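In our numbering, the protein residues as written are 97 to 448. By construction, the Cβ of each residue, glycine as well, lies at the ideal position given by its N, Cα and C atoms. Fair warning: this is a prediction, and the values are worked out from it, not measured in the lab.
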RNA sequence: GGAGGCGUCGGAUAGUGGUCAAUUCCAAGGGAUUGCUAAUCCCUGGCCCGUAAGGGCCCCGUGGGUUCAAAUCCCACCGCCUCCGCCA
């Protein structure tokens with residue numbers, strides 16, 4: 097969340113940045129207007145409280161007169177009148193504050209949608225076949241490594257069983273990635289797969305991503321990524337600069353409702369309600385140059401894995417219109433899918 | 001599920017209605033000072049008004065309540081601990 101002072105002082109440039117992200121810049125004026133109301137009300141409430149405090153302080157010694165008590169009571173009544181107004185305005189203010197996007201970094205290319213993304217790197221040779229290669233899911237089903245038909249019967253769309261060697265292969269790849277990151281000095285963590293709602297807000301997944309998450313009867317959310325518990329890990333703590341950067345690697349299942357993607361990528365165990373993922377998260381100083389260096393380092397870590405596995409990929413720098421509201425800058429890595437004859441997203445790397 | 005206890009400034013602690021933003025010790029960061037291996041002293045929560053000086057409000061797990069006045073009394077919730085039961 098941006099500081100309201102920053103918003104007030106940079107309203108014009110912020111609106112421009114929000115427009116570039118293809119979001120509605122009106123939010124800036126709204127938040128500034130409600131902030132004005134809010135501060136006015138804070139003024140009246142604090143003035144009344146001062147009167148109440150001073151009145152009470154004057155009665156410290158001895159038995160106060162009935163008159164003095166009546167006056168104190170009367171002041172309290174007045175306060176009860178305006179305090180709820182302030183509470184209401186504060187709530188409206190906070191709701192709006194959560195909706196103010198972070199501006200993209202200056203070198204992020206402008207674009208309306210995914211067509212504006214820039215390929216910044218290409219690695220590996222795309223394999224050539226003198227036949228039409230099967231898709232990976234066709235191969236897996238044929239070799240009895242994957243069963244989606246029964247999974248769907250049991251668990252609905254986008255469900256799957258892995259079987260036999262594919263079970264071991266998945267764990268091998270996950271372990272490989274995890275060990276790679278531990279080697280690089282990242283602290284490995286397993287994480288809670290359900291988190292309290294405020295972790296979703298605090299990490300910027302809510303309000304925007306509310307539709308995309310599953311909720312429990314106890315108002316917790318199933319995580320869509322280990323990024324949430326890892327980013328919230330130091331919630332309510334004050335960090336020492338000398339302890340930074342703090343590098344963490346998490347491993348967890350990820351749960352995603354995939355609303356609004358009906359019929360999209362239904363084949364090829366690609367867009368799933370549930371999958372396992374290794375996630376890098378780093379806390380570093382609030383310094384753009386330091387953060388960007390780390391951002392590139394994280395990209396490099398992902399690339400090393402793909403290169404070690406000899407998988408051809410390319411790196412996209414996402415344009416303003418195709419990145420999240422909270423993100424400053426974002427890379428996607430897309431890996432070559434021979435059966436589909438195109439690159440598909442397999443990794444994502446951003447800073448906030 | 002039942003019974004009980006606890007929650008105070010980064011950590012540990014004192015504080016049972018006004019003298020409390022709050023005691024003491026430790027840690028960390030900043031500053032001052034000193035030639036004897038480090039020591040001593042000072043400062044360090046958030047917000048609102050104000051160019052500033054300064055003024056004010058809030059902050060004792062969270063939210064309500066009682067009272068002229070709440071860290072202190074009452075209620076609810078959250079968290080932690082102990083015992084019993086249940087489950088495995």
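The closest CA to that of residue 304, considering only 282, 223, 212, 196, is found on 196.
In the DSSP assignment, residue 277 forms no beta bridge with any residue.
Exposed is the label assigned to residue 238, since fewer than 16 other Cβ atoms lie within 10 Å of its Cβ. Contact between residue 266 and residue 322 does not hold, since their C-beta atoms are separated by about 16 Å, which reaches or exceeds 8 Å. In this structure, the straight-line span from the alpha carbon of residue 332 to that of residue 373 is close to 26 Å. CA-to-CA, the gap between residue 349 and residue 370 works out to about 7 Å. Less than 7 Å divides the Cβ of residue 345 from the Cβ of residue 284.
Taking the CA atoms as reference points, residue 262 sits about 33 Å from residue 390. Residue 189 is not a Cβ neighbour of residue 116, given a cutoff of 7 Å.
Fewer than three pairs of CB atoms, one per stretch, sit closer than 8 Å, so the segment 349-360 makes no contact with the segment 381-396. Straight-line spacing of the CA atoms in residue 159 and residue 318 works out to 58 Å. With 16 or more other Cβ atoms from the protein chains shown falling within 10 Å of its own Cβ, residue 244 counts as buried.
In the assembly as shown, residue 426 is a buried residue. Its beta-carbon has 16 or more other beta-carbons within 10 Å.
If you draw a 10 Å sphere on the C-beta of residue 204, you find 16 or more other C-beta atoms in it, and that means buried.
Runs of the beta strand (DSSP E) lying entirely within the segment 192-233 and spanning at least 3 residues, in chain order: 214-219.
Between residue 310 and residue 351, the C-beta gap is smaller than 7 Å, which places the two residues in contact.
For the beta strand (DSSP E) assignment, the uninterrupted runs of no fewer than 3 residues enclosed by the segment 339-368 are, from N- to C-terminal side, 342-351.
For residue 394, the enclosing alpha helix (DSSP H) starts and ends at 384-404. Taking the CA atoms as reference points, residue 111 sits about 18 Å from residue 191.
Of 438, 434, 423, 444, the smallest CA-CA separation from residue 202 is found for 423. Bounds of any alpha helix (DSSP H) do not take in residue 118, whose DSSP letter is neither H nor E. Three or more beta-carbon pairs drawn from the segment 432-440 and the segment 225-239 are found closer than 8 Å, and the two stretches are therefore classed as touching.
Put simply, of 445, 419, 126 the residue whose alpha carbon is nearest the alpha carbon of residue 211 is 419. Counting along the chain, the unbroken beta strand (DSSP E) around residue 428 starts and ends at 425-433. In this structure, the CA atom of residue 281 is about 10 Å from the CA atom of residue 275. DSSP places residue 244 in the coil class of the three-state scheme, outside both helix and strand.
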